[in-house]
Amino acid sequence: MLQSLLMERFQLKFHRESKIGAVYVLARGSGELKLQAPKDKDASPGVWMARDGLVGQNASMSLLAVRLGGNLQRPVLDETGLSGSFDFKSALLGDDPKAEYQDLVASILTSVQEMGLKLRSSKGPVETIVIDHIERPSPN
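Numbering (our numbering), first residue to last: 179 to 318.
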């Protein structure tokens with residue numbers, strides 16, 4: 179709906195491109211996986227960062243990758259090869275809500291390792307939006 183409004187009001191024209199850029203790759207680690215079968219397979223899937231850690235409920239690895247990408251400020255590609263949904267909880271380091279971004283990244287990397295997974299920096303496809311045309315709106 180918002181996209182339609184922008185296209186109509188501002189004569190917005192755009193296209194999407196995939197470029198190679200900085201990404202993280204989520205993969206299986208060398209240790210034991212600490213992922214449990216979901217307690218409630220009908221529960222709404224979710225991944226969130228709680229005060230005490232990274233929590234997943236009925237969550238797929240692709241959902242985990244998307245949620246991690248939001249916090250890591252770059253896309254995360256799921257290359258775990260794990261299908262299905264899982265419950266998990268992993269402690270985060272520190273509890274300072276004003277912690278710097280680098281501290282957050284280190285904390286997430288450690289939490290993911292605790293679950294038997296790993297994140298590594300890599301290059302991969304990143305979807306971008308390219309604005310081809312835009313105009314000032316006419317007065318109401």
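By construction, the Cβ of each residue, glycine as well, lies at the ideal position given by its N, Cα and C atoms.
query: Where the beta strand (DSSP E) containing R298 begins and where it ends; result: 295-311
query: Terminal residues of the beta strand (DSSP E) in which E195 lies; result: 191-206
query: Extent of the continuous beta strand (DSSP E) to which S268 belongs; result: 264-269
query: Q235 versus L246: straight-line alpha-carbon distance, rounded; result: 15 Å
query: Runs of beta strand (DSSP E) wholly within the segment 228-257 (minimum 3 residues, chain order); result: 231-237, 254-256
query: Inter-stretch contact at 8 Å, needing at least 3 Cβ pairs: the segment 204-222 / the segment 260-269; result: yes
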